[in-house]
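Residue numbers (this note's numbering): 2 to 223.
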């Protein structure tokens with residue numbers, strides 16, 4: 002399975018369009034782990050949902066399955082858009098080409114952003130979604146703590162302890178995240194591959210290949 006990953010668009014539709022224009026491969030799946038929009042940098046004359054809709058239209062242009070979770074900048078009503086396009090994986094599970102995916106969006110922050118589910122809500126839902134699953138893929142906005150993909154410029158690790166504990170317990174084959182823009186990379190927790198390609202607004206995206214439960218990840222930049 003070949004997967005394209007686009008994280009942290011933050012409303013930069015022109016950058017996303019340029020990336021997509023230059024992609025030559027045909028993916029089996031497209032994943033966006035959140036922050037379609039930006040709370041603080043608005044496009045004049047457009048709401049965050051307007052912008053989200055434009056981003057989604059770009060993602061579905063690949064004409065393959067698309068799975069999305071919201072980021073902490075995204076309004077809760079984005080879930081209605083996801084449902085309309087049948088791309089919602091937040092609090093849900095899907096099977097694509099025989100592989101199970103579960104998702105959970107948003108992130109707790111000190112900044113009181115729009116989509117911040119509690120730790121209790123997060124772990125309760127993830128445990129329900131993963132029950133009975135083996136060799137699944139986890140899609141989250143907030144990365145697991147103490148990894149390459151949650152490290153800010155100061156050196157501090159600001160990811161989720163709850164999500165890390167969940168990964169250690171359930172052992173998904175892959176966790177795709179976003180949120181910490183400077184922390185693009187590939188890492189491991191046990192046998193779980195962690196991947197964040199970096200933000201779309203910097204021209205970055207990711208390619209994931211999964212063959213016989215073996216995962217490889219590549220960061221690309223336009």
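Ideal placement from N, C-alpha and C gives every residue a C-beta, glycine not left out.
Which residues in the same chain as residue i place their Cβ atom closer than 6 Å to its Cβ, once the five residues preceding and following it in sequence are excluded?
{"i": "residue 55", "result": "14"}
{"i": "residue 11", "result": "36, 39, 202"}
{"i": "residue 76", "result": "49, 115"}
{"i": "residue 158", "result": "146, 147, 151, 152"}
{"i": "residue 8", "result": "34, 179"}
{"i": "residue 66", "result": "30, 97"}
{"i": "residue 130", "result": "94, 103"}
{"i": "residue 1", "result": "Past the boundaries of the shown model lies residue 1; the chain is included only from 2 to 223, so the question cannot be answered."}
{"i": "residue 134", "result": "101"}
{"i": "residue 136", "result": "174, 214"}
For residue i, which residues in the same chain have their Cβ closer than 7 Å to its Cβ, ignoring the five residues on either side in sequence?
{"i": "residue 163", "result": "120, 123, 124"}
{"i": "residue 220", "result": "185, 198, 199, 205, 207"}
{"i": "residue 78", "result": "50"}
{"i": "residue 28", "result": "3, 4, 5, 63, 65"}
{"i": "residue 154", "result": "183"}
{"i": "residue 118", "result": "107"}
Relative to the C-alpha of residue i, which candidate in the options has its C-alpha closest?
{"i": "residue 52", "options": "17, 28, 63, 21", "result": "17"}
{"i": "residue 49", "options": "215, 115, 22", "result": "115"}
{"i": "residue 194", "options": "169, 19, 63", "result": "169"}
{"i": "residue 214", "options": "21, 222, 192", "result": "192"}
{"i": "residue 85", "options": "69, 3, 2", "result": "69"}
{"i": "residue 144", "options": "133, 117, 210, 176", "result": "176"}
{"i": "residue 160", "options": "135, 92, 111", "result": "111"}
{"i": "residue 43", "options": "74, 88, 132", "result": "74"}
{"i": "residue 113", "options": "187, 25, 41", "result": "41"}
{"i": "residue 216", "options": "117, 19, 188", "result": "188"}
{"i": "residue 63", "options": "83, 82, 90, 24", "result": "24"}
{"i": "residue 91", "options": "32, 58, 100, 133", "result": "32"}
{"i": "residue 58", "options": "47, 83, 45, 46", "result": "83"}
How many whole angstroms separate the CB atoms of residue i and residue j, which I take to be in contact at a CB cut-off of 8 Å?
{"i": "residue 71", "j": "residue 80", "result": "7 Å"}
{"i": "residue 105", "j": "residue 141", "result": "5 Å"}
{"i": "residue 4", "j": "residue 209", "result": "4 Å"}
{"i": "residue 19", "j": "residue 174", "result": "That pair is no contact at about 31 Å."}
Which of helix, strand or coil does DSSP assign to residue i?
{"i": "residue 139", "result": "strand"}
{"i": "residue 110", "result": "coil"}
{"i": "residue 212", "result": "strand"}
{"i": "residue 117", "result": "coil"}
If you drop the 5 nearest sequence neighbours on each side, which residues of the same chain put their C-beta closer than 8 Å to that of residue i?
{"i": "residue 128", "result": "167"}
{"i": "residue 165", "result": "145, 146, 147, 148, 190"}
The ligand MG and residue i: does any heavy atom of the ligand fall closer than 6 Å to the residue's C-beta?
{"i": "residue 165", "result": "Although the ligand MG was asked about, the structure shown includes no ligands whatsoever."}
Taking 7 Å as the CB-CB limit, is residue i close to chain B?
{"i": "residue 185", "result": "Of the protein chains in the structure, only one exists, and it is not chain B."}
* Report the residue ranges of all beta strand (DSSP E) runs contained in full by the segment 9-96; include only those spanning at least 3 residues, in chain order. => 30-33, 67-69
* Asked: In the segment 120-182, which residue ranges form an unbroken alpha helix (DSSP H) of at least 4 residues, counting only runs that do not cross its ends?
  -> 120-131, 162-171
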